[in-house]
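Trainee:
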Amino acid sequence: MLNVIIAGFGFIGRKLVRTFHKKIDLIKNVDSKFKIIGVSDSKGYLYNLNGLDLKRLSSVKRLSEYSEEYREGRSTEEMIEKGEANLMIEVTPTNVDDGEPGLSFMKAALKKGIHVVTSNKGPLVVAFRELTSLAKRNDCFLLYEGTVAGAIPIFSLIKRCLQGDTIRRIMGILNGTTNYILSRMYFEGTSFELALKEARERGLTERDPSYDVDGIDAACKAVILANALMNRNVKFKDVKRTGIRRVTQEAISLAKKSKFAIKLVSVIDKRIEVSPKLVPINHPLCVHSTLNAIHIETDLAREITLIGRGAGEETVSAVLNDVLTVIRETASRSRKI
Amino acid sequence: MKFDLTIALADRPGQLLKALKPIAKYGGNIISIIHERENPSDGFVPVSLVVDFPSKWNLQKTISDLRNMGITIIRAEEIVDTSRIIAILVGKANLKDIIQRGIKNAKIIGFEVSDPVSEDACLKLEIEVPTRLLDETLENLRRMAESEGSLIILPI
Chain A
526 MLNVIIAGFG FIGRKLVRTF HKKIDLIKNV DSKFKIIGVS DSKGYLYNLN
576 GLDLKRLSSV KRLSEYSEEY REGRSTEEMI EKGEANLMIE VTPTNVDDGE
626 PGLSFMKAAL KKGIHVVTSN KGPLVVAFRE LTSLAKRNDC FLLYEGTVAG
676 AIPIFSLIKR CLQGDTIRRI MGILNGTTNY ILSRMYFEGT SFELALKEAR
726 ERGLTERDPS YDVDGIDAAC KAVILANALM NRNVKFKDVK RTGIRRVTQE
776 AISLAKKSKF AIKLVSVIDK RIEVSPKLVP INHPLCVHST LNAIHIETDL
826 AREITLIGRG AGEETVSAVL NDVLTVIRET ASRSRKI
Chain B
1104 MKFDLTIALA DRPGQLLKAL KPIAKYGGNI ISIIHERENP SDGFVPVSLV
1154 VDFPSKWNLQ KTISDLRNMG ITIIRAEEIV DTSRIIAILV GKANLKDIIQ
1204 RGIKNAKIIG FEVSDPVSED ACLKLEIEVP TRLLDETLEN LRRMAESEGS
1254 LIILPI
């Protein structure tokens, strides 16, 4: 039986609530007593041990619009400390400098024995080992499928379906915005500046575009992949990073003549690098527009490529799957006891 | 190390078997053998072998034994496994200079310079590199680009 709290009610938080409402029958088939007992934002939280009304919660843009139950001025930590939840979904905004506020929320939850599901890269980039050890010590799940390549189930695939394989190399197009920009330059012959402007107009970039175009976002994802799947202990500073600002129309056109596209590729093997690369146009990694792709090379299965949508609302698919995994696994544990 | 070893054998039975003995003695592993019996010249038949020897020394000892047996060596060359790669450089660097100076370990097969619409010049290089030196050569290229403040785009 899961009592769930959600930290963060931004774009993903709201989408998630709507998805829980839409898919409630499916979820209740797995856990008939599933309920959301709390949701917080940066200014306060809603809390009801009997479960919040998902229909009403789905219709509001701000938590304060839900009801007078909204506890303004109270902190997410306070909601966690009540200790009545057994799963926290952490979807606060990403901060790759110090991981906050998500990092503190995750630590507080894990210390209380609350399982954590997140799509927030920041805390995992800053403190991957610390968080995974804390989860292990407290016998908690810490699932983060939504942090890398949105809806692509890379961690689930490798951890569940390739348990005996050793991952030798991972290459990925992990940032949809830069892929959109480079695809526009490739197909339309537009300049970098114009393609970036278009991406901004379509709402594809972060407020600070350097997060995308200088490879910061892709580097964060590479750090998580390296630590989670290749047993490395790397930090953001260990990534050799070159963005796409200097990729010119001429470079793309010369590449095209030799049947290559230029893509921002993260490579994790002996090195960990994010840089513009020449990708043969018939290579499975050569996907266009905002698509993401991950190509893994293992000792037994050899090569596998996954392609999918990398950001935005599709991330909810990954978060929901992680939630269902926690429900099933905790149910199976209690059956064993 | 693989070698192309071409020898001239007298067009008589048993000559090939005789010639193979020093190869075996010095640890050569024969990968292919072409006995061109249809092209004899002055009673000699060219035989082309591709042999994997543990080192160049083993090849030299084999050649010496073959010569002592009166066998003519037409060709004995290392077969270098090469890789062709494309690299694109974007920057203000003197691209002509890069081509003139050359790249260590690499043979420049072709190059193309784009019409400079942007401030930065753009050069596409096609180079051939011994495969065993590929990583080292790519690292050299990266360092060269970095020192010149150019962006280098290499294949995945």
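For the protein sequence lines, the chains are A and B, in the order given. According to our numbering, the residues represented by the first sequence are 526 to 862, in order. According to our numbering, the residues represented by the second sequence are 1104 to 1259, in order. Every residue gets a Cβ at the ideal spot worked out from N, C-alpha and C, and that includes glycine. Remember, it's a predicted structure, so these values are computed and weren't measured experimentally.
Can you tell which of A:R771, A:A751, A:N756 and A:N700 has the C-alpha that lies nearest to the C-alpha of A:L729?
Mentor: For this step, residue 729 of chain A is matched to residue 204 along the first sequence. Closest by alpha carbon: A:N700.
Trainee: Taking its Cβ as the centre, do 16 or more other Cβ atoms sit within 10 Å of B:V1232, making it buried, or is it exposed?
Mentor: Position 129 of the second sequence, counted from the first residue, corresponds to residue 1232 of chain B. Classification for B:V1232: buried.
Trainee: Decide if the stretch 829-849 of chain A is in contact with the stretch 810-817 of chain A; the criterion is three or more beta carbon pairs, one per stretch, under 8 angstroms apart.
Mentor: As far as the Cβ criterion goes, the stretch 829-849 of chain A touches the stretch 810-817 of chain A, which means the pair count is three or higher.
Trainee: Name the chain A residues that come within less than 8 angstroms of B:L1237, Cβ to Cβ?
Mentor: Residue mapping note: residue 1237 of chain B aligns to position 134 of the second sequence, counting from 1. Residues of chain A passing the Cβ test: none, with the nearest at roughly 14 angstroms.
Trainee: Give a yes or no on whether the C-beta atoms belonging to A:D690 and A:T830 are separated by under 7 angstroms.
Mentor: Taking the first sequence and counting its residues from 1, one reaches residue 690 of chain A at position 165. Taking the first sequence and counting its residues from 1, one reaches residue 830 of chain A at position 305. Cβ distance not < 7 angstroms, so A:D690 and A:T830 don't count as in contact.
Trainee: Using a Cβ distance threshold of 8 angstroms, determine whether the stretch 668-688 of chain A contacts the stretch 792-808 of chain A, with at least three qualifying pairs required.
Mentor: Contact between the stretch 668-688 of chain A and the stretch 792-808 of chain A is absent, because fewer than three Cβ pairs lie under 8 angstroms.
Trainee: Under 7 angstroms, do A:A532 and A:T601 count as touching if we go by C-beta distance?
Mentor: Within the first sequence, numbered from 1, the residue matching residue 532 of chain A stands at position 7. Within the first sequence, numbered from 1, the residue matching residue 601 of chain A stands at position 76. Their beta carbons are under 7 angstroms apart, which means A:A532 touches A:T601 by this criterion.
Trainee: By the criterion of Cβ-Cβ separation under 9 angstroms, what are the contact partners of A:T715 in chain B?
Mentor: Position 190 of the first sequence, counted from the first residue, corresponds to residue 715 of chain A. Within 9 angstroms Cβ-Cβ: nothing; A:T715 doesn't reach chain B, min ~12 angstroms.
Trainee: Determine whether the Cβ of A:T773 lies closer than 7 angstroms to any Cβ atom of chain B.
Mentor: In the first sequence, the residue the question calls residue 773 of chain A occupies position 248. Chain B, which has a Cβ nearer than 7 angstroms to the Cβ of A:T773, makes this yes.
Trainee: When you compare only the Cα positions, how much space is there between A:S567 and A:I537?
Mentor: Looking up residue 567 of chain A in the first sequence gives position 42. Looking up residue 537 of chain A in the first sequence gives position 12. Each residue's Cα considered, the two are about 14 angstroms apart.
Trainee: Tell me A:K788's beta-bridge partners as DSSP assigns them.
Mentor: One-based indexing of the first sequence puts residue 788 of chain A at position 263. Answer is A:K802, bridged to A:K788.
Trainee: When the Cβ atoms of the stretch 626-643 of chain A are set against those of the stretch 600-614 of chain A, are three or more pairs found closer than 8 angstroms?
Mentor: Flag = yes, the stretch 626-643 of chain A and the stretch 600-614 of chain A touch.
Trainee: Run through DSSP, which three-state label would A:G671 get?
Mentor: Taking the first sequence and counting its residues from 1, the one referred to as residue 671 of chain A is at position 146. Helix.
Trainee: By the 10 Å Cβ neighbour count, where 16 or more other Cβ atoms means buried, how is A:D742 classified, buried or exposed?
Mentor: Along the first sequence, read from residue 1 onward, the residue named residue 742 of chain A stands at position 217. Flag for A:D742 reads buried.
Trainee: Out of B:L1123, B:I1206 and B:A1113, which has the shortest C-alpha to C-alpha gap to B:N1243?
Mentor: Taking the second sequence and counting its residues from 1, one reaches residue 1243 of chain B at position 140. Among B:L1123, B:I1206 and B:A1113, the Cα nearest to that of B:N1243 is on B:I1206.
Trainee: State whether the stretch 711-728 of chain A contacts the stretch 839-854 of chain A, with contact taken as three or more CB pairs (one from each stretch) at a distance under 8 angstroms.
Mentor: With the cut-off at 8 angstroms, the stretch 711-728 of chain A and the stretch 839-854 of chain A do not touch.
Trainee: If you reduce the DSSP assignment to three classes, tell me which class A:V642 lands in.
Mentor: Within the first sequence, the letter at position 117 stands for residue 642 of chain A. Looking at A:V642 - three-state DSSP - the assignment turns out to be strand.
Trainee: Could you work out which residues of chain A lie near B:G1212, taking near to mean beta carbons separated by less than 7 angstroms?
Mentor: Translated into positions along the second sequence, residue 1212 of chain B becomes position 109. According to the sequence as given, residue 1212 of chain B is Ile; it is not Gly. Chain A residues near B:I1212: none, gap ~12 angstroms exceeds 7 angstroms.
Trainee: Mind listing the chain A neighbours of B:P1258? Cutoff is C-beta to C-beta under 9 angstroms, in chain order.
Mentor: One-based indexing of the second sequence puts residue 1258 of chain B at position 155. Those within 9 angstroms of B:P1258 in chain A are F785, K802, L803, V804 and P805.
Trainee: Rounded C-beta distance between A:A747 and A:V764? I'm assuming under 8 angstroms.
Mentor: Locating residue 747 of chain A in the first sequence gives position 222, counting from the first residue. Locating residue 764 of chain A in the first sequence gives position 239, counting from the first residue. Contact holds; Cβ gap of about 6 angstroms.
Trainee: Could you tell me whether the Cβ of A:L779 comes closer than 7 angstroms to any Cβ of chain B?
Mentor: The residue given as residue 779 of chain A occupies position 254 in the first sequence. True, the Cβ-Cβ gap to chain B drops below 7 angstroms.
Trainee: Please name the residues in the stretch 696-725 of chain A whose beta-carbon is closer than 7 angstroms to at least one beta-carbon of chain B, in chain order.
Mentor: Cβ contacts with chain B: M696.
Trainee: Please decide whether B:D1168 counts as near chain A, where near means a Cβ-Cβ distance under 7 angstroms.
Mentor: Residue numbering aside, residue 1168 of chain B sits at position 65 when the second sequence is read from its first letter. Cβ-Cβ to chain A under 7 angstroms: no for B:D1168.
Trainee: B:E1215 versus chain A: which residues are under 7 angstroms apart at the beta carbon?
Mentor: Here residue 1215 of chain B is taken as the residue at index 112 of the second sequence, counted from 1. By Cβ distance, chain A contributes L779.
Trainee: Does the count of Cβ pairs from the stretch 563-578 of chain A and the stretch 604-618 of chain A closer than 8 angstroms reach three?
Mentor: Verdict: yes, contact present.
Trainee: Is B:L1162 close to chain A? Criterion is C-beta to C-beta, closer than 7 angstroms.
Mentor: By one-based count along the second sequence, residue 1162 of chain B stands at place 59. False, the Cβ-Cβ gap to chain A never drops below 7 angstroms.
Trainee: DSSP puts A:E615 in a beta bridge; with which residues?
Mentor: Residue numbering aside, residue 615 of chain A sits at position 90 when the first sequence is read from its first letter. In the DSSP output, where bridge partners are listed per residue, A:E615 has A:A532 and A:T643.
Trainee: With a cut-off of 8 angstroms, do at least 3 Cβ pairs link the stretch 1145-1153 of chain B to the stretch 1113-1133 of chain B?
Mentor: Yes, they touch.
Trainee: Note down, one range per segment and in chain order, each beta strand (DSSP E) of at least 3 residues found wholly within the stretch 1135-1206 of chain B.
Mentor: Fully enclosed beta strand (DSSP E) runs of 3 or longer: 1147-1155, 1175-1181 and 1185-1194.
Trainee: Do the CB positions of A:A720 and A:R709 come within less than 7 angstroms of each other?
Mentor: Here residue 720 of chain A refers to the residue found at position 195 when the first sequence is read from its first residue. Here residue 709 of chain A refers to the residue found at position 184 when the first sequence is read from its first residue. Yes, Cβ-Cβ distance for A:A720 and A:R709 is below 7 angstroms.
Trainee: Distance cutoff 7 angstroms, beta carbons only. Does B:V1193 sit that close to anything in chain A?
Mentor: Here residue 1193 of chain B refers to the residue found at position 90 when the second sequence is read from its first residue. So yes, B:V1193 belongs to the interface.
Trainee: Does the beta-carbon distance from A:A724 to A:Y736 come in below 7 angstroms?
Mentor: As a first step, residue 724 of chain A must be located in the first sequence, where it is residue number 199. As a first step, residue 736 of chain A must be located in the first sequence, where it is residue number 211. Taking 7 angstroms as the Cβ cut-off, A:A724 and A:Y736 do not qualify as a contacting pair.
Trainee: Could you tell me whether any Cβ in chain A is nearer than 7 angstroms to the Cβ of B:I1201?
Mentor: As a first step, residue 1201 of chain B must be located in the second sequence, where it is residue number 98. Not one chain A Cβ lies under 7 angstroms of B:I1201.
Trainee: Would you check if the distance between the CB atom of B:D1155 and the CB atom of B:K1121 is smaller than 7 angstroms?
Mentor: Residue numbering aside, residue 1155 of chain B sits at position 52 when the second sequence is read from its first letter. Residue numbering aside, residue 1121 of chain B sits at position 18 when the second sequence is read from its first letter. It is not a contact, given that the beta carbons lie outside the stated cut-off.
Trainee: Tell me the DSSP secondary structure of B:R1115 in three-state form.
Mentor: Your numbering for residue 1115 of chain B matches position 12 in the second sequence. Of the three classes helix, strand and coil, the one that applies to B:R1115 here is coil, per DSSP.
Trainee: Per DSSP, A:S565 is paired with what?
Mentor: Position 40 of the first sequence, counted from the first residue, corresponds to residue 565 of chain A. According to DSSP, A:S565 bridges with A:A532 and A:Y570.
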